[in-house]
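Visitor:
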Amino acid sequence: MTALRSTRAPFVLGAYFTGSATNGDAWRAPGEDTDADLSFERYRDYVATLEKGRFDAIFLYDNVLPVPDPSRIARTPALARWDTFTLLAALAVTSSHIGLIGTASTTFNEPYNIARRIASLDVLSGGRAGWNVVTATGGGENFNLVSHVDHALRYERAHEFVDVVKGLWKSTETEAFIRDKHTGVWLDPSRVHPLNHKGRFFQVAGPLNAPPPIQHPPILAQAGASGAGKELAARIGEVIYTAEYDIDAARAYRADVLERAARYGRDERHIRILPGLAPVVGRTESEARQKFERYQSYLDKADILQAISSYSSLGTDLSQWPEDKPVELGLVEETNTHKSRQSLIVDWIRKTRPTVKDILQNFTRGGHRLLVGTPASIVDEIEEWYRTGACDGFNIMFTSAPDGINDFVELVVPELRRRGLTQQAYKSRNLRENLKIPST
Ligand SMILES: Cc1cc2nc3c(=O)[nH]c(=O)nc-3n(C[C@H](O)[C@H](O)[C@H](O)COP(=O)(O)O)c2cc1C
């Protein structure tokens, strides 16, 4: 196990936020913040704690989904979402080292706007911006369409979109700016390179009207896990988020993505694959169990089961199942939205034949893995996944805020440090340098 230490890329610790009012499923629990959508100070404080724990980056989820059924928004804070890059811009000012990765879809945006927004965030934060490239799980209804864009078409557009953004980021060299008051020369036009892109989806002249990013370029993250999703991740993803639940499946997923990346001529040492993990930590096993029981007691079980059924397109509503009867799935029709999460949940249900109670004990509302234990048992698990090539780090999805964040930083981070997985201090104020991913 230790032999791997020198050959593996450094372990990456990421933090996940919904950009919504609260970060946990159990928002009704006492002490749980319910106003982070109104009070920026909440995010400022979470991020300050995460910087103390030397988290490499925070990652903000985003979507622009319509919510057709009012009962789906009545009991969850999903509809109170900050605009991702506005929130990250504010956090850029209140934090100093942590990476700031935000989601923007390639389906409902234009590359010029996104290139400009992320270049600006990169400069504002001193080189800490990242873009989670998604084709979006839905939202066409808010963008002049009757439904979502076809899956294959979305991914074709995504490839071209990213190429245009990367081209725009390079359109003005950093050295182009002369700013010489004496001669009156502001800029050297020979160092400005209009893009003149003409493709299937976009025509973009450029150059980008923004300061050139400090990172060359800002970090690109991706999370698609369908065939087309993995191709995009393999071609452009530097940080890749997944919802893999099982260590063998995670190892197979990582091997698959790295093999595809090699076909694009990429070096696997420059890719960081991070499964989501939702820990509930206690100083002892019994304290952890108690916290977990408490967390479970505040869950809106029907809402969570409906949410899982819906985004996994199970074709059955899990909230209607009796608590103790194993779930049986009939033929599940392949979805046009979230193909990867559908197959992950469907495969897991078929393999383990769980009751709905088991599902609630194992998955968060977002379909990520719950892990209950002491700092040592949680880090045992984290270390095994990392050392055996199932991941390059984890995307921590706190089950509560602020307690879950404080618990992780106070209890789990010291154990990660003791085992040499994370370090006491940041090496750099630049995300790309902290992740040890060279410029492209
Ligand atoms: C950890 C994680 C975070 C994700 N975040 C987002 C997000 O913020 N917005 C979104 O539309 N999709 C998000 N997704 C979904 C994927 O990026 C992708 O759009 C979706 O999986 C559909 O593509 P697929 O069919 O290739 O899986 C996320 C997936 C994972 C695993």
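Sequential numbering from 44 applies to the sequence shown in my numbering. Idealized CB from N, CA, C, for every residue including glycine. Just so you know, these numbers come straight off a predicted model, no measurement behind them.
Between Thr146 and ligand 1, is there a pair consisting of the residue's CB and a ligand heavy atom that are separated by less than 7 Å?
Guide: Flag set: Cβ of Thr146 near ligand 1.
Visitor: State the start and end residues of the unbroken alpha helix (DSSP H) segment that holds Leu93.
Guide: Where Leu93 is concerned, the enclosing alpha helix (DSSP H) stretches over Phe83 to Lys95.
Visitor: Compute the Euclidean distance between the alpha carbons of Pro120 and Trp70, then round it to the nearest angstrom.
Guide: When rounded, the distance between both Cα atoms is 8 Å.
Visitor: Our contact map puts Phe151 next to Tyr104 with C-beta atoms below 8 Å; I'd like the distance itself, whole angstroms only.
Guide: Wrong, their Cβ atoms sit about 15 Å apart, outside the cutoff.
Visitor: Using a threshold of 7 Å, is the CB atom of Asp299 nearer than that to any non-hydrogen atom of ligand 1?
Guide: Asp299: no, Cβ never under 7 Å from ligand 1.
Visitor: If you follow the alpha helix (DSSP H) that Val235 is in, where does it begin and where does it stop?
Guide: It is not in any alpha helix (DSSP H) - Val235 carries neither H nor E in the DSSP assignment.
Visitor: Going residue by residue through the stretch 251-295, where are the continuous beta strand (DSSP E) segments of at least 3 residues, counting only ones entirely within it?
Guide: 262-265 and 282-285, all fully within the stretch 251-295.
Visitor: Determine the burial state of Asp435: buried for a count of at least 16 other Cβ atoms within 10 Å of its Cβ, exposed for fewer.
Guide: So Asp435 ends up on the buried side.
Visitor: Which of the three DSSP states is assigned to Tyr155 in this structure?
Guide: Three-state DSSP puts Tyr155 in a helix.
Visitor: Quick check on DSSP: helix, strand or coil for Asn438?
Guide: In the structure shown, Asn438 sits in a strand (DSSP, three-state: E or B).
Visitor: Within 10 angstroms of its Cβ, does Asn66 collect 16 or more other Cβ (buried), or is it exposed?
Guide: Buried, because 16 or more other Cβ atoms sit within 10 Å of the Cβ of Asn66.
Visitor: What separation, rounded to the nearest whole angstrom, lies between the Cα atoms of Ser49 and Gln258?
Guide: Bear in mind that a pLDDT of 49 at Ser49, under 50, signals an unreliable position, so the model cannot answer this.
Visitor: Would the stretch 182-189 count as touching the stretch 126-145 if we require 3 or more Cβ pairs under 8 Å?
Guide: No, because fewer than three Cβ pairs between the stretch 182-189 and the stretch 126-145 fall closer than 8 Å, the two stretches do not touch.
Visitor: Ligand 1 and Arg384: does the residue's C-beta get closer than 7 Å to at least one heavy atom of that ligand?
Guide: Because some heavy atom of ligand 1 lies under 7 Å away, the Cβ of Arg384 counts as near it: yes.
Visitor: Where do the N-terminal and C-terminal ends of the beta strand (DSSP E) with Thr359 fall, by residue?
Guide: Neither: Thr359 is in no beta strand (DSSP E) and is coded neither H nor E.
Visitor: Should Thr285 be listed as close to ligand 1, given that the test is whether its C-beta is under 7 Å from any heavy atom?
Guide: Yes.
Visitor: Looking only at its chain, what residues have a beta carbon closer than 6 Å to the beta carbon of Gly96, apart from the 5 residues adjacent to it on each side?
Guide: Around Gly96: Val452 and Val456.
Visitor: Quick check: the stretch 151-161 against the stretch 232-251, are there 3 or more CB pairs under 8 Å?
Guide: The stretch 151-161 is in contact with the stretch 232-251.
Visitor: Under three-state DSSP, which class holds Pro457?
Guide: Helix, per DSSP.
Visitor: Relative to the alpha-carbon of Glu476, which residue among Glu281, Lys273 and Val422 has its alpha-carbon at the smallest distance?
Guide: It is Glu281 whose Cα lies nearest to the Cα of Glu476.
Visitor: For a test of the three-state rule: what should DSSP assign to Leu413, helix, strand or coil?
Guide: Leu413: strand per DSSP, three-state reduction.
Visitor: Buried or exposed for Ala268, please, with buried defined as at least 16 other CB atoms from any protein chain shown within 10 angstroms of its CB.
Guide: Buried: at least 16 other Cβ atoms inside 10 Å.
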